Amino acid sequence: MKYLLFFLSLIFFFSCKNIPEKSPKDFAIQNTTSGKVLLRFHPKLNDQLEMMTLFLVDRPEDKNSKLDLSLEYKMRITATEDSLYTYTIDMQRVILNSEIDGLALKYDSSREDNGLAQVFGEQIKPILASQFTLQITDKAEVKNIEWQNQKIDLPYDQMAFSSISIPLPNEPVGVKDQWKKEINVNGITTEMVFEVEEITPNEVKINLHGKEKAKESTKLYGYYVLDRKTSFTKSGKINIYLKKEKQM
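Each residue of the sequence shown is one higher than the one before, starting from 1 at the first, in full-length UniProt numbering.
Below, the structure written as structure tokens:
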């Protein structure tokens, strides 16, 4: 029996448009009297954002495989209950540029396509025609993602929208402070450790490392940069190591 080590690199960027102007006292991430910061979500009813999420996925050992996925969407707070916030999300545009084993696929929902891109576009149409809701707590725990008009099964929906932030700690944190959380995405539970690297007036950079609970050979590490105005992710990178068995 031999083991093969696979390395995946996931880079993501979140861009927010039309963010209401806020003074530091209205930021989601606030300073405390102890000199630390309290990481929380504090959106208000009917707050609206225009978002763009870009995922870049590649396997450095395989130059013939890559996936670039861009999602453009509008988010609006439609319900608040205690510390649970419901966003209604309208997908505006999907752009995919992928290459797997030399087979290339380019797709842009804003234009007409043919061939393989047209086939992919038929699968995307229901997504663009349907709203969905995202429920998230004030500690950035994603509780539910649900399409309103029909059941749509996407391989990336939970991954994409679970990455808008990270599970936040219970207590205020400072540089070098750590906390642990378990994250479940698409049925896979990962044990994570987060550590604050840097705090600035506008951002908080947080490093992370973890392992899949069921397969300790699957490990990951990386970082997130959170926007202090919203607690949303501004950018981040996760490297994933997968060890698979190979019959000899």
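Note that beta-carbon positions come from the ideal geometry of N, C-alpha and C, so glycine has one too.
The model shown is predicted, which means the values in this text are computed figures rather than measured ones.
Between Arg40 and Glu81, what straight-line distance do the alpha-carbon atoms span, to the nearest angstrom? The count along the sequence shown starts at 1 and reaches residue 40 at position 40. The count along the sequence shown starts at 1 and reaches residue 81 at position 81. Cα to Cα, Arg40 sits roughly 15 Å from Glu81.
Residues bridged to Ile95 (per DSSP): Along the sequence shown, one-based indexing puts residue 95 at 95. Partner(s): Ser70, Asp108.
If contact is defined by three or more beta carbon pairs under 8 Å, each pair taking one atom from either stretch, is the region 85-96 in contact with the region 118-136? yes
Let me confirm a value: Lys234 is counted as buried when at least 16 other C-beta atoms fall within 10 Å, else exposed. Which label applies? Taking the sequence shown and counting its residues from 1, one reaches residue 234 at position 234. Buried is the call here.
If you run the structure through DSSP and keep just helix, strand and coil, what is Phe120? Position 120 of the sequence shown, counted from the start, is the residue given in the question as residue 120. It is helical.
Just checking my contact of Ile240 with Leu220 at CB under 8 Å: how many whole Å lie between their CB atoms? Against the sequence shown, residue 240 aligns to sequence position 240. Against the sequence shown, residue 220 aligns to sequence position 220. About 5 Å separates the two Cβ atoms, so the contact holds.
Roughly how many angstroms lie between the CA atoms of Gly115 and Tyr107, to the nearest whole one? Reading the sequence shown from its first residue, position 115 is the one you call residue 115. Reading the sequence shown from its first residue, position 107 is the one you call residue 107. For Gly115 and Tyr107, the distance between alpha carbons rounds to 10 Å.
For residue 249, which three-state DSSP category applies? Absent from the structure is residue 249, since the part of the chain shown begins at 1 and ends at 248.
Short of 7 Å in beta carbon distance, which residues of its chain neighbour Gln178, apart from the five on each side in sequence? Order them along the chain. Here residue 178 refers to the residue found at position 178 when the sequence shown is read from its first residue. Taken in chain order, the residues that qualify are Val193, Phe194, Glu195.
Relative to the C-alpha of Met75, which candidate in Ser165, Val94, Asp47 has its C-alpha closest? For this step, residue 75 is matched to residue 75 along the sequence shown. Nearest option by C-alpha distance: Asp47.
Apply the 10 Å Cβ neighbour rule to Lys229 and answer buried if 16 or more other Cβ atoms are within range, or exposed otherwise. The residue you call residue 229 lines up with position 229 of the sequence shown. Flag for Lys229 reads buried.
Terminal residues of the continuous beta strand (DSSP E) containing Phe194? As a working mapping, residue 194 is identified with position 194 in the sequence shown. First-last of the beta strand (DSSP E) with Phe194: 188-199.
At what residues does the beta strand (DSSP E) containing Leu226 begin and finish? Working through the sequence shown from its first residue, we reach residue 226 at position 226. 219-227 is the extent of the beta strand (DSSP E) around Leu226.
Taking only three categories from DSSP, how would you classify Lys237? Indexing the sequence shown from 1 puts residue 237 at position 237. The answer is strand: DSSP assigns Lys237 an E or B state.
Reduced DSSP category for Pro155 - H, G, I as helix; E, B as strand; rest coil: Position 155 of the sequence shown holds residue 155. For Pro155, the pLDDT reaches just 48, beneath the cut-off of 50, and the residue's location in the model is therefore unreliable, leaving the point undetermined.
With Pro169 and Ile183 assumed to form a contact (beta carbons below 8 Å), what rounded beta-carbon distance in angstroms separates them? Within the sequence shown, the letter at position 169 stands for residue 169. Within the sequence shown, the letter at position 183 stands for residue 183. Not quite, the Cβ-Cβ distance comes to about 14 Å (not below 8 Å), so this is no contact.
Exposed or buried, what is residue 259 when buried is set at 16 or more other beta-carbons lying within 10 Å of its beta-carbon? Past the edges of the chain, shown from 1 to 248, lies residue 259, and the structure says nothing about it.
For Leu84, which three-state DSSP category applies? Working through the sequence shown from its first residue, we reach residue 84 at position 84. It is a strand residue.
Is it right to say Pro43 is buried, meaning 16 or more other beta carbons lie within 10 angstroms of its own, or is it exposed? Start at 1 with the first residue of the sequence shown, and residue 43 comes out as number 43. The residue is buried, with at least 16 neighbouring Cβ atoms inside 10 Å.
Could you say which of Gln118, Ala117, Lys176, Met52 lies nearest to Gln92 if we only look at CA atoms? Taking the sequence shown and counting its residues from 1, the one referred to as residue 92 is at position 92. Minimum Cα distance to Gln92 is reached at Met52.
Going by DSSP, what residues sit across from Glu212 in a beta bridge? For the purposes of this step, residue 212 is taken as the residue at position 212 of the sequence shown. According to DSSP, which records beta bridges pairwise, Glu212 is partnered with Thr190.
Whole-angstrom distance between Glu171 and Ser109, CA atom to CA atom: Along the sequence shown, one-based indexing puts residue 109 at 109. Along the sequence shown, one-based indexing puts residue 171 at 171. Distance between the alpha carbons of Ser109 and Glu171: 43 Å.
Is the beta carbon of Leu226 closer than 8 Å to that of Ser165? Position 165 of the sequence shown holds residue 165. Position 226 of the sequence shown holds residue 226. The answer is yes: Cβ separation under 8 Å.
Considering only C-alpha positions, which residue in the set Val37, Glu122, Leu71 is nearest to Ser231? Working through the sequence shown from its first residue, we reach residue 231 at position 231. When each option's Cα is compared against that of Ser231, the closest is Val37.
From the DSSP secondary-structure annotation, give me the bridge partner or partners of Leu39. Reading the sequence shown from its first residue, position 39 is the one you call residue 39. Answer by DSSP bridge pairing: none, since Leu39 is not bridged.
From the DSSP output, read off the bridge partner residues of Gln131. One-based indexing of the sequence shown puts residue 131 at position 131. Answer is Asp90.
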